[in-house]
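Protein chains in written order, with my numbering: chain A, 325 to 583; chain B, 270 to 636. Beneath this line is the structure, given in structure tokens, with notes to follow.
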């Protein structure tokens with residue numbers, strides 16, 4: 325089971341809710357994915373116009389928890405305020421801290437994210453920060469009480485896949501909290517690869533919402549995550565470039581144990 | 270003659286001869302730059318509209334999903350001290366002029382709110398006694414009380430003035446250079462403060478320095494050679510991305526056709542050229558929102574929605590007091606797409622595009 329804060333999840337796939345053509349497709353994709361946790365931007369909460377509101381239809385889903393995110397915040401102060409408003413409106417203790425001060429490339433701000441995460445964790449939130457794939461930052465976020473870290477596989481919406489694989493590997497190696505690859509994935513095979521590497525979950529939005537058939541793609545990602553996780557559990561065979569039938573390099577060593 | 274900034278001059282890219290092979294290469298460019306844009310704007314690229322559209326659509330979907338962000342303009346005042354040769358509100362035009370009183374602004378806002386909009390663009394003419402900074406600041410404050418996003422399309426200001434508007438709740442500025450060609454600019458702007466080319470050119474930069482988060486740029490297509498203007502516009506965007514890295518920039522493509530006063534544009538841009546320009550911008554600035562207003566007709570807008578364009582206005586009135594209160598009859602320009610909001614949203618949904626009214630939150634405004 326994936327454990328985030330004090331909550332356990334069977335599904336290791338988390339869905340983003342932006343970029344869909346309509347609410348109905350989004351809800352069908354969520355159902356097809358089997359996810360139990362979805363993130364929704366506070367900026368897409370709209371209590372005044374029901375048809376434009378993403379929060380209410382998601383809140384009605386059974387077995388799916390909401391995780392408001394702070395997308396749109398430029399700094400820690402704004403993110404904290406957005407998180408508090410998100411908690412008040414959604415009733416969820418989860419928050420995805422997402423601070424990208426450049427609204428074009430949307431790269432996360434490591435410094436402001438750490439500041440916000442620290443404050444929100446102290447305030448009782450279950451904090452999942454979206455971060456650059458930086459192993460040092462990941463440990464520092466663990467130290468201030470984050471429930472997981474969410475390094476990017478590649479830029480948001482880029483479909484660049486696991487271009488940060490080596491850094492993510494280091495994050496996984498040293499982490500005591502779940503590591504969730506967030507952003508950049510394009511294909512279910514990449515989700516499988518992330519799980520095989522030892523990620524605890526993946527978060528996907530664009531790859532599903534911008535697919536030709538979002539609902540079918542949501543199902544495909546569920547299968548990819550499941551496959552990768554099962555493979556990880558089964559233990560992958562070690563990889564080697566060279567055949568090792570004989571030992572020509574070490575045959576000079578005394579074989580009889582004498583000193 | 271004023272000293273122009275180094276980043277402005279796009280001449281070097283206009284002098285190259287673009288072949289079909291150059292266009293193909295530009296379409297496959299890994300890191301599109303201004304030479305890519307020059308190739309895609311060239312006459313040779315007119316034969317590549319379909320592959321350009323396909324590339325633009327894929328990029329739009331990747332960065333903005335299947336959504337169209339909506340906003341609505343609110344004309345506050347038709348008073349103007351400017352002498353723009355092409356504008357129905359220029360100070361020498363005989364037109365019935367109005368500026369909304371604050372209670373009339375409230376009425377307009379109620380009508381707009383009832384439609385569901387969350388992003389309002391406030392418009393005035395050049396600075397006038399009837400619509401000055403104090404007037405505008407109070408209007409901004411009234412909008413900010415009820416809407417998440419408040420942008421202005423008004424006269425260029427000093428940084429401190431922009432800051433006072435940001436403090437009143439203003440989030441963005443739209444300011445078109447009209448044309449980036451200094452000689453044409455001088456000819457088109459016959460008198461008034463708008464004659465100062467550089468002062469206008471630097472205004473978005475001052476607005477961002479003053480605390481506004483979003484800046485919308487554009488050139489009025491039809492005034493000068495569109496290839497020159499579009500390359501300069503691209504340079505302006507890139508310049509601001511480097512000097513104000515946190516700014517949210519958008520680009521609009523207003524096309525001048527027949528304004529009040531009988532102005533005939535010297536460099537008319539047809540629909541195919543306009544589409545070529547928008548595709549080229551999407552390919553070269555994949556993550557910058559591209560805007561298309563109701564200046565364009567329904568068929569063109571429907572076709573462009575989601576293929577390059579990801580932000581649109583609808584149900585727009587370009588008259589002062591057009592939504593709820595009594596006002597003038599003559600608008601700044603004729604709206605070509607006069608559909609209502611519901612009809613427009615139904616069109617978007619039929620194209621599997623979601624109309625998004627709220628894509629930002631006032632909670633981010635309080636810092």
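From the three backbone atoms N, C-alpha and C, an ideal C-beta is built for every residue, glycine too. Just so we're clear, the structure is a prediction, and the values are computed from it rather than from any experiment.
#### Entry: residue 618(B), enclosing alpha helix (DSSP H) - first and last residue
Run containing residue 618(B): 610-619, per the alpha helix (DSSP H) assignment.
### Message
Beta carbons nearer than 8 Å to chain A: which residues of the region 322-347 of chain B have them?
### Response
Across the region 322-347 of chain B, CB contacts with chain A closer than 8 Å involve 330, 331, 332, 333, 334, 335, 336, in sequence order along the chain.
### Distance between beta carbons of residue 474(A) and residue 456(A), contact taken as under 8 Å
Not quite, the Cβ-Cβ distance comes to about 11 Å (not below 8 Å), so this is no contact.
### Query
Going by alpha carbons, who is nearest to residue 504(B) out of 303(B), 289(B), 340(B)?
The residue among 303(B), 289(B), 340(B) with its C-alpha nearest the C-alpha of residue 504(B) is 303(B).
### Message
Shorter than 7 Å, the distance from the beta carbon of residue 531(B) to the closest heavy atom of the ligand GTP, or not?
### Response
For the ligand GTP, the structure offers nothing, since it holds no ligand at all.
### Task
Give a yes or no on whether the minimum CB-CB distance between residue 336(A) and chain B is below 8 Å.
False, the Cβ-Cβ gap to chain B never drops below 8 Å.
### Task
Out of 426(B), 463(B), 405(B), state which residue places its alpha-carbon closest to the alpha-carbon of residue 437(B).
Selected option, being the one with the closest Cα: 405(B).
### Anticipated Cβ contact below 8 Å, residue 546(A) with residue 358(A), distance rounded
So it is a contact: roughly 5 Å between Cβ atoms.
### Query
Under a three-way DSSP split, which group does residue 450(B) fall into?
In the structure shown, residue 450(B) adopts coil according to DSSP, grouped into three states.
### Task
Could you list the residues in the region 408-425 of chain A with a C-beta less than 7 Å from some C-beta on chain B, going in chain order?
Sequence-ordered contacts of the region 408-425 of chain A with chain B read 409, 425 [C-beta pairs closer than 7 Å].
### Task
Kindly list the residues whose CB is nearer than 7 Å to the CB of residue 320(B), restricted to its own chain and excluding five residues on each side of it in sequence; keep chain order.
Excluding positions up to five away in sequence, the list reads 296.
### Task
Check each candidate in 514(A), 468(A), 501(A), 579(A) and name the one with the smallest Cα separation from residue 478(A).
With distances taken between Cα atoms, residue 478(A) lies closest to 514(A).
### Message
From the DSSP secondary-structure annotation, give me the bridge partner or partners of residue 331(A).
### Response
Checking the DSSP bridge columns, you'll see residue 331(A) partnered with 328(A).
### Query
How would you list, in chain order, the residues of chain B whose beta-carbon sits under 7 Å from the beta-carbon of residue 391(A)?
Within chain B, no residue has its CB atom less than 7 Å from the CB of residue 391(A), the nearest being about 16 Å off.
#### Entry: is_contact[residue 618(B), chain A] using C-beta, thresh 8 Å
Proximity of residue 618(B) to chain A, defined by a Cβ-Cβ separation below 8 Å, is satisfied.
### Query
If you scan the region 462-511 of chain A from start to end, which runs of the beta strand (DSSP E) of 3 or more residues do you find wholly inside it?
Every unbroken stretch of the beta strand (DSSP E) spanning 3 or more residues and falling wholly within the region 462-511 of chain A is given here in chain order: 504-506.
### Query
So who's on the other strand from residue 389(A), going by DSSP bridges?
Per DSSP, the beta-bridge partners of residue 389(A) are 361(A).
### Query
When the Cα of residue 409(B) is compared with those of 588(B), 442(B), 560(B), 329(B), which residue comes out closest?
It is 442(B) whose Cα lies nearest to the Cα of residue 409(B).
### Query
residue 414(A): buried (16+ other C-beta within 10 angstroms of its C-beta) or exposed?
Under this definition residue 414(A) is a buried residue.
#### Entry: Three-state secondary structure assigned by DSSP to residue 336(B)
It is a strand residue.
### Message
Which of the three DSSP states is assigned to residue 420(A) in this structure?
### Response
Note: residue 420(A) maps to strand in three-state DSSP.
### Query
CA-CA distance, residue 486(A) and residue 476(A)?
Approximately 8 Å, taken between the alpha carbons.
#### Entry: Rounded C-alpha distance that separates residue 609(B) from residue 525(B)
One Cα belongs to residue 609(B), the other to residue 525(B), and the distance between them is close to 23 Å.
### Task
Please specify which runs of the beta strand (DSSP E), each continuous and at least 3 residues long, are wholly inside the region 350-423 of chain B, giving them in chain order.
Assignment of beta strand (DSSP E) within the region 350-423 of chain B, counting only whole runs of 3 or more residues, yields 388-392, 418-422 in chain order.
### Message
Just to check my reading of the structure: residue 361(A) and residue 407(A) have Cβ atoms closer than 8 Å, yes? What is that Cβ distance to the nearest angstrom?
### Response
Rounded, the Cβ-Cβ distance is 16 Å, inconsistent with contact.
### Message
I'd like the ranges of any beta strand (DSSP E) spanning at least 3 consecutive residues and lying wholly in the region 501-560 of chain B.
### Response
If we require 3 residues or more, the beta strand (DSSP E) runs fully inside the region 501-560 of chain B come out as 517-521.
### Contact the region 504-520 of chain A vs the region 306-325 of chain B: 3+ CB pairs below 8 Å
They do not touch, by the three-pair rule.
### Query
What residues from the region 570-603 of chain B come within 7 Å of chain A, judged by C-beta to C-beta, listed N to C?
Those would be none; no residue qualifies.
### Query
Using a Cβ-Cβ cut-off of 6 Å (strictly less than) and excluding sequence neighbours within five positions of residue 424(B), which residues of its own chain qualify?
Contacts found: 395, 396.
### Query
What are the boundary residues of the alpha helix (DSSP H) that residue 410(A) is part of?
For residue 410(A), the uninterrupted alpha helix (DSSP H) segment begins and ends at 400-414.
### Test: residue 436(B) CB closer than 8 Å to a CB of chain A
Closer than 8 Å: no.
### Message
Residues of chain A with CB closer than 8 Å to the CB of residue 385(B), please, in chain order.
### Response
Here the neighbours are 372, 373, 375, 376.
### Message
So, for residue 508(B): in the same chain, excluding its five sequence neighbours on each side, which residues have a beta-carbon less than 6 Å away from its beta-carbon?
### Response
A distance below 6 Å between beta-carbons, with the five flanking residues on each side excluded, links residue 508(B) to the following residues of its chain, in chain order: 276.
### Message
Taking the beta carbon of residue 438(A) as the centre, do at least 16 other beta carbons fall within 10 Å, making it buried, or is it exposed?
### Response
The residue is buried, with at least 16 neighbouring Cβ atoms inside 10 Å.
### Query
Can you list, in chain order, the residues of the region 502-514 of chain B whose Cβ is nearer than 9 Å to any Cβ on chain A?
Identification of residues in the region 502-514 of chain B having a C-beta nearer than 9 Å to some C-beta of chain A yields 510, 514, given in sequence order.
### Task
Answer yes or no: does any C-beta atom of chain B fall closer than 8 Å to that of residue 439(A)?
No - not a single Cβ of chain B is within 8 Å of the one on residue 439(A).
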